[in-house]
Each structure stands twice: as C-alpha cells, then as structure tokens.
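Colleague:
Residue numbers (our numbering), protein chains in the order written: chain A, 61 to 223; chain B, 12 to 102.
Quick look at the structure:
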C-alpha cells in the first residue's frame with residue numbers, strides 16, 4: 061500500500077491489498093461506542109474535575125451533542141469516500157481522498173482506534189509493542205487494526221505536512 | 012444578600028485564569044498530537060512538539076492559560092480532535 065499526494069487536491073492510497081481494503085471498508089463500523097461505557101467515556105471525556113459540577117453539567121447538555129454530531133459527520137464523509145473501493149474489482153484497489161476530507165479521515169481513524177483500545181482494554185505496553193500477535197483471537201486482531209489505522213494516520217499526516 | 016455572594020463568586024470565576032491541560036493517552040499518535048496543537052493554538056512546530064513531549068513524558072502539559080471562556084473553547088476544540096483535555100483553575 062502506498063500513500064502519497066496526488067494531483068493538486070487529493071491524497072491517493074494505491075496498491076491496496078484485499079485485506080487492507082477490507083480493513084478500510086470496516087473502519088467506520090468500529091467508531092460506534094454504543095453499548096460500551098468505556099469507549100463512550102473515552103470519546104466523550106469529562107472537561108473538568110468532577111468537583112466542577114456546573115462546568116461538567118453544561119458540557120453534557122450543550123457540548124456533548126455537538127461533539128457527537130462532529131464525530132458522526134466525519135464518519136459519514138469517510139463512508140462516502142470508501143464507496144470508491146466497492147466500484148473497483150481486482151486484487152489491488154486505490155482510493156482518492158480530497159484534501160478537504162483529511163480532517164474527517166484523521167478523526168475517524170482516531171475514533172476507531174480509541175474505541176477498539178477502550179473496548180479491549182489494551183495497556184500502554186501492548187499498544188506500543190508493535191509485535192505481531194501469536195494468536196488470532198478477536199483481541200489480537202483488534203490490536204492489529206489499531207496499528208494498521210495508526211500507520212494510515214501517520215502517513216496522511218506526513219503527506220500533508222511535507223507539502 | 013445571597014445574590015450578591017453568587018455574583019461575586021461568578022466574577023471571581025471569570026477573573027481567575029484557567030489552565031487548559033492535555034493528558035497523556037497511549038492511543039493518540041505523537042505526530043497527531045503535535046499537529047493538533049499547531050492547528051488549535053497556532054503554535055510553531057517546536058512549541059507544539061515541546062508540549063506533546065511534556066504530555067508524553069510527564070503525563071500532562073498546561074498548553075494554554077487565560078480567560079475561562081476561551082479556555083472552554085480550546086478544550087472543546089481539543090475534544091473535537093479526541094484529545095484528553097481538561098480545564099483547571101490556576102493557583
């Protein structure tokens with residue numbers, strides 16, 4: 061898989077292997093924290109110490125719905141971009157991301173990584189290990205996904221900052 | 012009398028500077044955190060990296076101090092980028 065700046069206003073992800081294409085297609089589905097209090101708590105963390113009751117209550121009422129809308133909007137943009145993958149057959153696919161969508165992509169990749177990390181309760185050592193799992197239990201696969209999405213995030217940041 | 016006390020407390024709340032604190036999170040990438048500090052605060056890459064490394068090594072960094080209203084706005088923006096950020100009274 062290669063990630064580079066293409067034309068004027070696009071980031072191009074090309075030579076996407078089928079397994080990577082599948083992980084990309086699944087990306088938005090991992091962002092939903094519904095039914096998982098730890099993931100919900102991480103995506104919508106408290107803005108102040110619990111002793112600052114009024115600030116936390118106001119935040120819950122006014123800011124949290126805006127954040128929920130922001131995260132959902134980012135996911136929808138990514139979902140639309142990912143439809144390009146469904147239109148191409150063959151073993152390797154490519155994806156064009158408009159530069160205007162980069163924030164939505166970085167946000168959605170982060171949502172998925174945070175939700176997976178909270179859901180499977182990964183430690184800092186596990187997250188920084190970058191070791192291939194010895195088993196393929198669901199938890200091991202989740203760690204691979206977190207690292208795969210991190211690689212995409214890192215490359216997108218590199219590409220936008222080097223131009 | 013009670014109203015006066017409440018008003019005075021609110022005035023003090025608004026007058027006291029507040030810190031915007033970013034806390035360590037093992038999931039967020041160092042490059043991403045640096046980029047967010049540059050975008051939200053307009054910091055140079057060097058300053059943004061300094062705060063990012065402080066978060067990474069010390070667990071937290073005070074990234075901005077000032078009026079409560081602006082501090083709340085910054086925390087909201089940081090949460091929009093999914094960073095762990097809080098408001099704290101100075102002192």
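Don't be surprised by glycine CBs; every beta carbon is placed ideally from N, CA and C.
#1: Note down, in chain order, every chain B residue with its Cβ under 8 Å from the Cβ of residue 177 of chain A.
#2: Where residue 104 of chain B and residue 102 of chain B are concerned, what is the direct C-alpha to C-alpha distance, given to the nearest angstrom?
#3: Going by Cα to Cα distance, which pick from B:78, B:43 and B:32 is closest to residue 212 of chain A?
#4: Of all Cβ atoms in chain A, is any one closer than 8 Å to the Cβ of residue 93 of chain B?
#5: Would residue 85 of chain B pass as an interface residue toward chain A - the criterion being a Cβ-Cβ separation below 8 Å?
#6: When you check each C-beta in the region 59 to 79 of chain B against every C-beta of chain A, which residues fall closer than 7 Å?
#7: In chain B, what lies closer than 8 Å to residue 103 of chain A by C-beta?
#8: Tell me, please, whether the CB atom of residue 163 of chain B is closer than 8 Å to any CB atom in chain A?
#9: Can you list the beta strand (DSSP E) stretches of 3 or more residues lying completely in the region 53 to 79 of chain B, in chain order?
#10: On the DSSP bridge list, what partners appear for residue 158 of chain A?
#11: Would you give the residue range spanned by the beta strand (DSSP E) that residue 30 of chain B belongs to?
#12: Determine the burial state of residue 94 of chain A: buried for a count of at least 16 other Cβ atoms within 10 Å of its Cβ, exposed for fewer.
#13: If you reduce the DSSP assignment to three classes, tell me which class residue 75 of chain A lands in.
#14: Do residue 30 of chain B and residue 94 of chain B have their C-beta atoms closer together than 8 Å?
#15: Could you work out which residues of chain A lie near residue 101 of chain B, taking near to mean beta carbons separated by less than 9 Å?
#16: Out of curiosity, what's the CA-to-CA distance linking residue 200 of chain A and residue 92 of chain A?
#17: Beta-carbon of residue 173 of chain A versus every beta-carbon of chain B: anything under 8 Å?
Modeller: To lay it out plainly:
#1: 37 and 38
#2: Residue 104 of chain B is absent from the structure shown; chain B starts at 12 and stops at 102.
#3: B:43
#4: yes
#5: Not an interface residue.
#6: none
#7: 93
#8: As shown, chain B starts at 12 and ends at 102. That puts residue 163 of chain B outside it, with no answer to give.
#9: Fully contained in the region 53 to 79 of chain B are the following beta strand (DSSP E) runs of length 3 or more, in chain order: 71 to 77.
#10: A:70
#11: 29 to 34
#12: When all chains shown are included, residue 94 of chain A counts as exposed.
#13: strand
#14: Not a contact, by the Cβ cut-off of 8 Å.
#15: The contacting residues do not exist; residue 101 of chain B stays about 13 Å from chain A at best.
#16: 20 Å
#17: At a cut-off of 8 Å between beta carbons, residue 173 of chain A contacts chain B.
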